[in-house]
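Participant: The working numbering runs 92 ahead of the 1-based position in the sequence shown.
Attaching a single structure in structure tokens format; questions to follow.
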Amino acid sequence: MLTNENIICISWIDWEPIPLVMHQMMTRLAKKNRVLFVNHTYPLSLFITCPKMSENLWQKLKKWRSGVKQVTNNLHTYTPPPLLMDCGYSGINDQFNQAYIKNSILKVARKLKFKSPILWIYNPYAIYPKGKFDEKLVCYDCNDDMASLLSRFQYKKRNLRRIEEKFVKRADIVFTTSQTLYQSKKNINPNTYYFPSGIDVEVFSKALSPFTKIPIEMQSIKKPIVGFIGGMVSSKMNWDWIEKLSRSLPYLSITLVGPETEPAPSKIKGLPNVYFLGAKPFHNLPEYLKAFDVGIIPYKEGEFLRNCFPTKIFEYFAAGKPVVSADIPALRGLQPLVRLCKASDEFVASVESFIKKGYSNEQKTRCIDLSTKYTWDERVKKTSALINDLLSKKSFL
């Protein structure tokens, strides 16, 4: 594992929501290194173009004004100042944004005495770092099709892909969480490696324990329960499938646990058997999972779906829960433990089938065993080894 390094992690999501790959990686790396976790910044233009995001924007402004926050002895978080306009619309604006964010991060890094850092990047649009931080190395840890995740407009997507491709070429090393992402990045940068997302087995296996208590708010929800755990972004959630499931099987309770990055449609909010429980502390998630009868991953067809590897598949498996998902290519090798669907009717039928029959004892054992093979500790170990090797070669040169 990396030791005694200064790591600046530039994320596309904040520190506080449900932990994703960047949170899990940095938490572990901070045990033996110093980490500055840089939150995503939003443009002020969203107040006009997306009024529903106003509350989120006010919260971001408060975070920026509050300055650097110490999470642990070795881990700090920082929210850069807001931008005027988002990246991806014009080259001049993109260059201004990158310089603006870079300078704000540099000030914080100097204050914290982060000398010769490793730049561990999840957001390839935030800065164009090569040489600007006197960094030892630039690592791009790609865990999503970022252009599709951050934009629905084709013009902006094309520009974002151009920026990302330029970034990939300049990175010293690239990691990806899916084979699809690996193939696309390997064609640009030969020093690219595939390491799927992991889970915290010790946490999620608690859903199997008789001592784990189901939360009171879940106890009041009628069984059977079909559940989802994770951040909800309308651009990737297939709300039509949720609506179809709700109306086709009204005896089910559909429980959604996690933050709404973008508000769900009002038609979904009005369904009597759909429950939005909001974000929950990470270590409490097994308590909610325990109440599920089936776990779901209802993502929309599109570029995001084709490139993602959802960590929640192994979180559901660790809890011994049957899983019904959209047809995500990265999950095809896990069939029949997960049922993959291309249409809403198939989605409803698969959920209903698992509600009636569930897993066999053999299938449940297999999915629990499989979840133990994908851990964050192992991912940190493997990525650290490659970075250490690269640092050794650089120092030799």
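Where a beta carbon is used, it is the ideal one built from N, C-alpha and C, also for glycine.
Under 8 Å, do Phe401 and Ala422 count as touching if we go by C-beta distance?
Facilitator: Yes, they are a contact pair.
Participant: What residue from Asp481, Thr467 and Tyr214 has the CA that sits closest to Glu294's CA?
Facilitator: Nearest of Asp481, Thr467 and Tyr214 to Glu294, Cα basis: Thr467.
Participant: Quick one, which of Gln275, Lys248, Pro414 and Ile193 has its alpha-carbon nearest Ser442's?
Facilitator: For Ser442, the nearest C-alpha among the options comes from Pro414.
Participant: Let's see if you can read the secondary structure: which residues bound the alpha helix (DSSP H) around Val230?
Facilitator: Per DSSP, Val230 belongs to no alpha helix (DSSP H); it is in the beta strand (DSSP E), Leu229 to Cys234.
Participant: Under the rule that 16 or more other beta-carbon atoms within 10 Å means buried, what is Glu407, buried or exposed?
Facilitator: Buried.
Participant: Should His375 be labelled buried (16 or more other beta-carbon atoms within 10 Å of its own) or exposed?
Facilitator: Exposed, since its Cβ has fewer than 16 Cβ neighbours within 10 Å.
Participant: What residues in its chain sit with their C-beta under 8 Å from that of Leu229, if we drop five residues either side in the sequence?
Facilitator: Ile210, Leu211, Asp264, Ile265, Ile479, Leu482, Leu483 and Lys486.
Participant: So within the region 380-466, which uninterrupted alpha helix (DSSP H) runs reach at least 4 residues, ignoring any that extend past its ends?
Facilitator: Those alpha helix (DSSP H) runs which fall completely within the region 380-466 and span 4+ residues are 395-399, 404-410, 436-449 and 453-463.
Participant: Using the Cα positions of Glu438 and Leu341, report the straight-line distance between them to the nearest angstrom.
Facilitator: So the alpha carbons of these two residues sit roughly 13 Å apart.
Participant: If you run the structure through DSSP and keep just helix, strand and coil, what is Ile321?
Facilitator: Correct three-state label for Ile321: strand.
Participant: Among the residues of its own chain, which have a CB less than 7 Å from the CB of Val130, if the five just before and after it don't count?
Facilitator: Excluding sequence neighbours, Val130 sits near Ile100, Cys101, Ile102, Ser103, Tyr170, Pro172 and Ile197.
Participant: Specify the secondary structure class of Thr169 as computed by DSSP and reduced to three states.
Facilitator: Three-state result, Thr169: strand.
Participant: With 16 as the cutoff for other CB atoms within 10 Å, does Thr457 come out buried or exposed?
Facilitator: Label assigned to Thr457: exposed.
Participant: Measure the alpha-carbon distance for Arg253 versus Pro216 and round it to whole angstroms.
Facilitator: Rounded to the nearest angstrom, the two C-alpha atoms are 10 Å apart.
Participant: Under the rule that 16 or more other beta-carbon atoms within 10 Å means buried, what is Thr119, buried or exposed?
Facilitator: That one is buried.
Participant: Where Val349 and Met177 are concerned, what is the direct C-alpha to C-alpha distance, given to the nearest angstrom?
Facilitator: Roughly 31 Å between the two C-alpha positions.
Participant: At which residues does the alpha helix (DSSP H) containing Thr272 begin and terminate?
Facilitator: Gln271 to Lys278 is the span of the alpha helix (DSSP H), which, as asked, contains Thr272.
Participant: DSSP beta-bridge partners for Asn98?
Facilitator: DSSP, once it has assigned bridges, lists Arg126 as partnering Asn98.
Participant: For Arg161, name the three-state secondary structure that DSSP assigns.
Facilitator: Before going further, note that residue 161 is Lys rather than Arg in the sequence given. The answer is strand: DSSP assigns Lys161 an E or B state.
Participant: Quick check on this structure: which residue in Tyr220, Thr347 and Ser326 has the alpha carbon closest to the alpha carbon of Gly183?
Facilitator: The residue with the shortest Cα to Cα distance from Gly183 is Tyr220.
Participant: Could you tell me whether the Cβ atoms of Leu381 and Ala299 are closer together than 8 Å?
Facilitator: Contact: yes.
Participant: Among Glu444, Leu94, Ile321 and Gln246, which residue has its Cα nearest to the Cα of Gly394?
Facilitator: It is Gln246 whose Cα lies nearest to the Cα of Gly394.
Participant: Helix, strand or coil for Ile184, going by three-state DSSP, please let me know.
Facilitator: Correct three-state label for Ile184: helix.
Participant: Alpha carbon to alpha carbon, how far is Cys231 from Lys261?
Facilitator: C-alpha separation (whole angstroms): 11 Å.
Participant: Go through its chain and collect everything with a Cβ distance to Val440's Cβ below 7 Å, but skip five positions before and after it.
Facilitator: Counting only Cβ-Cβ distances below 7 Å, and skipping sequence neighbours, we find Lys336, Leu337, Ser340 and Leu341.
Participant: Can you tell me which of the three DSSP states Pro135 falls into?
Facilitator: DSSP places Pro135 in strand when its eight states are reduced to three.
Participant: Hey, how far is the Cα of Pro378 from the Cα of Ser312?
Facilitator: In a straight line, the C-alpha of Pro378 is about 17 Å away from that of Ser312.
Participant: Span of the alpha helix (DSSP H) holding Gln333?
Facilitator: Reading off the sequence shown, one finds Trp at residue 333, where the question assumed Gln. Segment Trp331 to Ser340, the alpha helix (DSSP H) holding Trp333.
Participant: Is DSSP giving Tyr367 helix, strand or coil here?
Facilitator: Three-state DSSP puts Tyr367 in a strand.
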